[in-house]
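Peer 1: Numbering (UniProt numbering), first residue to last: 1 to 305.
For each residue, glycine too, the CB sits at the ideal point set by N, CA and C.
#1: What whole-angstrom Cβ distance do residue 172 and residue 204 have, given they're in contact under 8 Å?
#2: Taking one C-beta from the segment 102 to 114 and one from the segment 218 to 231 each time, how about it: are there three or more such pairs within less than 8 Å?
#3: Report the rounded CA-to-CA distance for residue 95 versus residue 110, giving the unit in angstroms.
#4: Compare the C-alpha of residue 132 against each of 119, 147 and 154 and name the closest.
#5: Between residue 159 and the rest of its own chain, which residues show a CB-CB distance below 7 Å, the 5 nearest in sequence each way excluded?
#6: Buried or exposed: which applies to residue 168, given that a residue is buried once 16 or more other Cβ atoms fall within 10 Å of its Cβ?
#7: Report the residue from 212, 270 and 23 whose alpha carbon sits nearest the alpha carbon of residue 125.
#8: Identify, in the order they occur along the chain, each residue of the same chain with its Cβ nearer than 8 Å to the Cβ of residue 145, setting aside the five sequence neighbours on each side.
#9: Please report the straight-line C-alpha distance between residue 15 and residue 274, rounded to a whole angstrom.
#10: In the DSSP assignment, find the unbroken alpha helix (DSSP H) run with residue 179 in it and report its ends.
#11: Helix, strand or coil: how does DSSP classify residue 192 here?
#12: What are the complete alpha helix (DSSP H) segments, minimum 4 residues, inside the segment 107 to 183?
#13: Which parts of the segment 201 to 277 are runs of the beta strand (DSSP E), unbroken and 3 residues or longer, counting only runs that do not cross its ends?
#14: Starting from residue 282 and walking both ways along the beta strand (DSSP E), at which residues does that stretch end?
#15: With burial defined as no fewer than 16 other Cβ atoms inside 10 Å of the residue's Cβ, what is the status of residue 99: buried or exposed?
#16: Quick one: what's got a C-beta closer than 7 Å to residue 43's C-beta in the same chain, skipping five residues either side?
#17: Using a Cβ-Cβ cut-off of 8 Å (strictly less than) and excluding sequence neighbours within five positions of residue 58, which residues of its own chain qualify?
#18: Which residue wins for smallest C-alpha separation from residue 192, given the options 221, 166 and 248?
#19: So, using beta-carbon positions, are residue 118 and residue 134 closer together than 8 Å?
#20: Helix, strand or coil for residue 59? Go by DSSP, reduced to three states.
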């Protein structure tokens with residue numbers, strides 16, 4: 001996460017204790033399940049967007065086996081035809097993508113957007129653990145991305161929490177959302193439930209295409225995190241803002257500029273809503289001053305019917 005001189009301030013940075021303490025409120029989290037169609041052998045229903053099958057073993061070919069499942073490597077090595085056997089996956093992967101870019105290191109009320117994203121991710125991870133699901137994710141910032149393969153149990157939970165506190169970025173610097181979404185498309189397996197926690201600045205046509213491809217095979221939920229100041233500047237006056245190193249002075253007395261500022265935020269909200277309806281995604285708005293549990297359990301903008 002982006003560091004600042006106020007690294008001990010819980011409004012600015014997230015700690016392991018803060019994430020661990022989310023275990024109790026996570027018990028009251030109702031994830032909801034949009035577009036549910038059928039049951040599988042896990043602890044809840046799934047829409048079965050993916051095959052939901054994992055490789056189990058290879059055995060000698062038997063009459064009636066699907067020829068498309070012949071294991072050609074074993075067949076060539078033993079000189080006897082072998083078939084790949086698959087079993088139904090018992091756990092459903094939950095993949096949580098967390099935005100730690102510079103635009104997320106901001107708040108005027110509540111906590112930094114990045115801290116809110118980490119708290120939301122912590123709640124979701126605890127809920128996944130309680131449901132017996134595999135926990136994986138992605139943390140991305142201006143410095144790069146880190147992906148964690150979904151795994152089960154408390155070790156996977158703690159591994160994810162440690163990554164939220166001290167990400168190990170790799171790859172090229174992130175310029176816009178197209179880069180992390182392209183990587184997300186590669187790492188999130190079909191049938192996964194994918195949460196993307198971001199302010200969604202930097203969306204472009206390439207990012208939309210990656211999101212559309214991801215939505216074809218996964219259940220995608222967008223959590224839009226915003227600070228109240230982003231929707232409207234304060235009343236007339238001059239206001240000083242700082243990131244700990246630099247300062248900027250904003251004059252909100254210009255009514256035309258004030259209206260244009262509000263319109264830009266409304267346009268972004270409408271854009272995300274239309275994108276969600278188009279791709280049949282779930283969109284959840286979340287303020288920096290809102291309790292994370294309240295946001296995830298609150299009124300949601302659901303996909304179009």
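Peer 2: In short:
#1: The Cβ separation is near 16 Å, so there is no contact.
#2: yes
#3: 26 Å
#4: 154
#5: 148
#6: exposed
#7: 23
#8: 138, 139, 169, 170, 171, 174, 179, 180 and 183
#9: 35 Å
#10: 178 to 187
#11: coil
#12: 113 to 131 and 153 to 165
#13: 219 to 226, 238 to 242 and 247 to 251
#14: 282 to 287
#15: buried
#16: Low local confidence applies: a pLDDT of 41 at residue 43 is under 50, so the model's placement there is unreliable, and no value is given.
#17: 71, 74, 82, 83, 84 and 85
#18: 221
#19: no
#20: strand
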